[in-house]
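Listed below in structure tokens is the structure:
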């Protein structure tokens, strides 16, 4: 049987539990500087952008990325979600993901 790959949804508070793993993180872009950006995902997360990442401050973004040892997230893919995102709903999905982790991901 092939190894199952999971990409759990997280917020900043879960970063240290997923070092070295690929995750999905959604938040609001607060700042961009060269090849890095800061997003607010229930706390500040520093993301390391790739050349295909075009983030706009003030917009929501969904990032698929790998959590580094220093708790930065290396962007593998970024999707601009515009300005009208229900962050409470996003956080509820993250909460459910970790409350019922046996359904959503393997450790």
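In our numbering, the protein residues as written are -10 to 96. By construction, the Cβ of each residue, glycine as well, lies at the ideal position given by its N, Cα and C atoms. Everything numeric in this text was worked out from a predicted model, so none of it was measured.
Whole beta strand (DSSP E) elements within the stretch 39 to 84, 3-residue minimum: 49 to 56, 62 to 71
Residue 12 and residue 54 closer than 8 Å at C-beta: Sequence index remark: in the chain shown, residue 12 carries index 23 (1-based). Sequence index remark: in the chain shown, residue 54 carries index 65 (1-based). Result yes, Cβ atoms of residue 12 and residue 54 sit closer than 8 Å.
Residues of its chain near residue 74, where Cβ-Cβ distance is below 7 Å and the 5 sequence neighbours each way are ignored: Position 85 of the chain shown holds residue 74. So the qualifying residues of the chain are 49.
Beta-ladder partner(s) of residue 22, from DSSP: The residue you call residue 22 lines up with position 33 of the chain shown. Beta-bridge pairing links residue 22 to 25.
Residue 86 Cβ short of 7 Å to the ligand PLP heavy atom set: Looking at this structure, you won't find the ligand PLP or any other ligand, since it has none at all.
Three-state secondary structure assigned by DSSP to residue -6: As a first step, residue -6 is located in the chain shown; it is residue number 5 there, counting from the start. If DSSP states are grouped into helix, strand and coil, residue -6 belongs with coil.
Per-residue burial, residue 33 [other beta carbons within 10 Å of its own, 16 or more giving buried]: The sequence position of residue 33 within the chain shown is 44, counting from 1. Exposed.
Between the CA atoms of residue 38 and residue 89 - distance to the nearest angstrom: The count along the chain shown starts at 1 and reaches residue 89 at position 100. The count along the chain shown starts at 1 and reaches residue 38 at position 49. Whole-angstrom Cα-Cα distance: 31 Å.
Identity of the residue in 79, 2, 21 nearest residue 47 by Cα: One-based indexing of the chain shown puts residue 47 at position 58. Selected option, being the one with the closest Cα: 21.
Own chain partners of residue 63 with C-beta closer than 7 Å, once the 5 adjacent residues on each side are dropped: Mapped onto the chain shown, residue 63 falls at position 74. Correct list, in chain order: 37, 54, 55, 57.
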